[in-house]
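Below: one structure, written as structure tokens.
Number of protein chains: 2
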Amino acid sequence: MNGKVSLKDVAKYLGVSTALVSYVINNKEKEARVSEKMAKKIRSAVVKLNYQPNQIAKSLKSGRSNTIGLIVADISNPFFSSIARIIEDEARKQGYIVIFGSSDESAEKSQDLLNAFQNRQVDAFIIAPVENTEKQIKALQKTGMPVVLIDRYFPTIQVDNVHIDNFQAAYNAVEHLINNGRRKIAMMAYDTNLPHIQERKNGYKAALRAHGIRFKKEWLMEASYQNIEKDVADKMNEMLFPDLKVDAFFFATNTLAVESLKIINQSGIKVPDKLAIIAFDESDAFDFFYSPLSYVSQSLEDMGKGAVNLVIERIKDHSKKYTNLIIKEKLVLRKSCGTKTK
Amino acid sequence: MNGKVSLKDVAKYLGVSTALVSYVINNKEKEARVSEKMAKKIRSAVVKLNYQPNQIAKSLKSGRSNTIGLIVADISNPFFSSIARIIEDEARKQGYIVIFGSSDESAEKSQDLLNAFQNRQVDAFIIAPVENTEKQIKALQKTGMPVVLIDRYFPTIQVDNVHIDNFQAAYNAVEHLINNGRRKIAMMAYDTNLPHIQERKNGYKAALRAHGIRFKKEWLMEASYQNIEKDVADKMNEMLFPDLKVDAFFFATNTLAVESLKIINQSGIKVPDKLAIIAFDESDAFDFFYSPLSYVSQSLEDMGKGAVNLVIERIKDHSKKYTNLIIKEKLVLRKSCGTKTK
DNA sequence: CTCAGTAATTTAAACGATTAAATATAGAAC
DNA sequence: GTTCTATATTTAATCGTTTAAATTACTGAG
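Spelled out as structure tokens, the structure:
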């Protein structure tokens, strides 16, 4: 019925001990001085019986599962699913498989996933952490579990991470808007203390300041993760009606941008004539918006591969120095931040 | 150092046998007649030592891993990542976690993933199968592994699956184009013998026939999975230049639609004036295209949840009758298939 | 005080692999 | 024919659980 052939079955089939079979399978014939004749016999029996080693048993013995746990805010967000794809490929190349979970920006769900994955003996975690999970990450580290943070990070924690220079990226984007003649620049961000978003806000403000523009509190619009759609609509409508209060928008993430674009589309306000836009990350929506969006592009390739490599290095050497891998971002310029009409 | 507390540690700490601890942890105190006093002692020790059961060991013993293997063509495709998200949530609700892999439309990669996941003792598979993998699926079934196919399917295989009625969906979409005055309707599909795509092609042809329109071979454009971008561009350019050869397009998937829209955007040909469009699935691109696209919408929610439920039922009862769960699709009408100008 | 009967706990095998240590076998040297 | 060595193979413990079966402890009846 259940065709599963175990190592023991192979041994029994040949009338030899399991040890011999194990040695041969793991190419330890030399060290274990298995005779060539025997090795050949075993190898052909393995093929004949279609023996497949039970990874669970191997894991139990070795304490390693060759599995990486990936936790992101939401796997259905193309930003994360694209990274997931890269991580999957890179991990498999190195003999690991990936289990994933979406934390939904909830610290509680994050902890649940951490526990569930740890009990499954993942060898390491790659995490895009959510708000207020510093303690979780710290606790995880204390157990000796290799962890790499991606996209987001906590400066207060000693841990490997991979991300762009968010301050500089935002600064450059906003500076570009200013250099193109915009002076009243609003930003849509999340209402969160996650450092990567804070840095984007800081970069935005710093660029304004550097160009002698006085930041106005009402320019900074914030949406909560839990209520994006409504929050974005409300804030955007306030900003656009009854009269347009700014001449440019800077969007802190692709989700915020997409939601905002819907409102702008309805409003009839012309981009870039009346309104310049720069967004973060990428999206099909940015390409198909009637005035294709300029955006800050992060290399997901570099980020995903970097994360896998860091985490595997850490698996191999628990005590190596922590790495802060800063990925180069670039500003992709298109129509949406073009010239303003008077 | 490695803080991992085993059941044995708990037992040793209390000076009792591991059996007792195991019984209490698994709430088998009654059957095993563990004294209340002891149960209490054990429970508090478990908390105090922060004992977390090793799922790997449990899996080895039980032969069940509470893990579902999800194989799709490409997790970075929003269609699949959205399903993945739904599957993840539903599976976790039922105590399962999900490992995923992208087969890249390659039968070979598909087999690799199948093997890797099977060795990890997944309890079941949810698969969006790729071309020429009928034997793989059949072989998998023969081992007794629960399998559910999603989105795609093989009529020749007895297996649980979840999908829409692709023939009818295509038929309805094309019929709608015809009823709106289009007569020369092209379709962009994949060059594949995967039944779901075949059915879409058949539905398209049947709708033409039913309305007395003679199908022309050159209307059916096909791209290969391996070379989508170039194939789509070539075929579309042929169809659009030097003169527009049709008055409507029907796109068989969201990827094909998005790639095609890029060409249409460049061409300057007006939608829906000169060209009506209906696509399959959803995409931000459809919303932001200047003439928002009509599309055939599949309920990913129903599909994902349906798949998880079917697969868990099958885990519990290997011999239950196979289910063909047909998800209702619907045609969402927007501007892109509107009225034609003469 | 013994014995039966029930209650409480322990023992030990098992899941499928790995591997150090023990043992068996064969050949060479004297 | 011993003895020694090198080669080939087996034994048995182990990883962390589960669980049937065995054992021990207790209680009350006679």
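Taken in sequence, the protein lines are chains D and C. Take 0 as the starting number for the first sequence in numbering that gives the first Met the number 0 and just add one per residue. Take 0 as the starting number for the second sequence in numbering that gives the first Met the number 0 and just add one per residue. The beta-carbon is built from N, C-alpha and C at its ideal position, and this holds for glycine as well.
Residue i, buried or exposed, once every other Cβ within 10 Å from all chains shown has been counted against 16
i	result
G68/D	buried
V161/D	buried
L243/C	exposed
A209/D	exposed
Q297/C	buried
R32/C	exposed
V270/D	buried
N1/C	With a pLDDT of 45 at N1/C, under the threshold of 50, the modelled position of that residue is not reliable, and the figure given next carries that caveat. Flag for N1/C reads exposed.
Q135/D	buried
N236/D	exposed
D159/D	buried
K319/C	exposed
8 Å Cβ cutoff, residue i in contact with chain C
i	result
N53/D	yes
A284/D	yes
G100/D	yes
S81/D	yes
R333/D	no
M0/D	Bear in mind that a pLDDT of 34 at M0/D, under 50, signals an unreliable position, so the number given afterwards is only what the model happens to contain. Chain C contact via Cβ: present.
R313/D	no
P77/D	yes
E258/D	no
A232/D	no
R213/D	no
A10/D	no
A123/D	no
A115/D	yes
Residue of the options minimising C-alpha distance to residue i
i	options	result
I145/C	K108/C, A306/C, K327/C and G180/C	Per the sequence shown, the amino acid found at residue 145/C is Pro instead of Ile. Nearest C-alpha to P145/C: A306/C.
R199/D	V33/D, E328/D and S61/D	E328/D
E153/C	A168/C, K137/C and K141/C	Per the sequence shown, the amino acid found at residue 153/C is Phe instead of Glu. The residue with the shortest Cα to Cα distance from F153/C is K137/C.
D246/C	A232/C, G337/C, V231/C and R63/C	G337/C
Y12/D	A44/D, A18/D, E35/D and E130/D	A44/D
A185/D	K204/D, P194/D, I196/D and N171/D	K204/D
F352/D	E89/D, D73/D and I149/D	As shown, chain D starts at 0 and ends at 341. That puts residue 352/D outside it, with no answer to give.
I325/C	E300/C, R313/C and I311/C	E300/C
G202/D	S223/D, G211/D and Q167/D	Q167/D
F249/C	N179/C, A275/C and E258/C	A275/C
Y321/C	I262/C, L148/C, S266/C and E28/C	L148/C
A127/D	P194/D, E30/D, T142/D and S282/D	P194/D
T142/D	Q117/D, E133/D, D150/D and V129/D	Q117/D
I108/C	T132/C, Y95/C and G94/C	It should be noted that the sequence gives Lys, not Ile, for residue 108/C. Of the listed residues, the one whose Cα sits closest to K108/C is T132/C.
I277/C	N76/C, P291/C and N49/C	P291/C
I70/D	Y22/D, G94/D and V129/D	V129/D
T254/C	G303/C, R313/C, S21/C and F79/C	F79/C
L19/C	S101/C, S105/C and K40/C	K40/C
Q197/D	A256/D, A251/D and A232/D	A251/D
L309/C	S58/C, V23/C and I125/C	I125/C
Short CB-CB distance (under 8 Å) between residue i and chain D
i	result
D73/C	yes
E228/C	no
F287/C	yes
R119/C	yes
L255/C	no
S296/C	no
V97/C	yes
S290/C	no
S58/C	yes
S64/C	yes
E87/C	yes
Whole alpha helix (DSSP H) runs in the stretch 82 to 122 of chain D with 4 or more residues, listed along the chain?
106 to 118
Kindly provide the ranges of any alpha helix (DSSP H) runs that are 4 or more residues long and lie completely inside the stretch 248 to 281 of chain D, ordered along the chain.
253 to 266
So, do the stretch 323 to 335 of chain D and the stretch 164 to 176 of chain D have three or more beta carbon pairs nearer to each other than 8 Å?
yes
Suppose only complete runs of 3+ residues qualify. What are the beta strand (DSSP E) ranges in the stretch 293 to 336 of chain D, listed by chain order?
293 to 297, 323 to 326 and 328 to 331
Which whole runs of the alpha helix (DSSP H) in the stretch 41 to 75 of chain D are 4 residues long or more, in chain order?
54 to 61
Quick one: which unbroken beta strand (DSSP E) runs of 3-plus residues sit fully inside the stretch 122 to 159 of chain C? Chain order, please.
123 to 126 and 146 to 149
Continuous alpha helix (DSSP H) assignments of at least 4 residues falling wholly in the stretch 163 to 236 of chain C
165 to 178 and 194 to 209
Any chance the stretch 57 to 76 of chain C sits against the stretch 121 to 130 of chain C, with 3 or more Cβ pairs inside 8 Å?
yes
Does the count of Cβ pairs from the stretch 103 to 115 of chain D and the stretch 80 to 89 of chain D closer than 8 Å reach three?
no
Meets three-Cβ-pair contact criterion under 8 Å: the stretch 218 to 226 of chain D and the stretch 287 to 294 of chain D:
no
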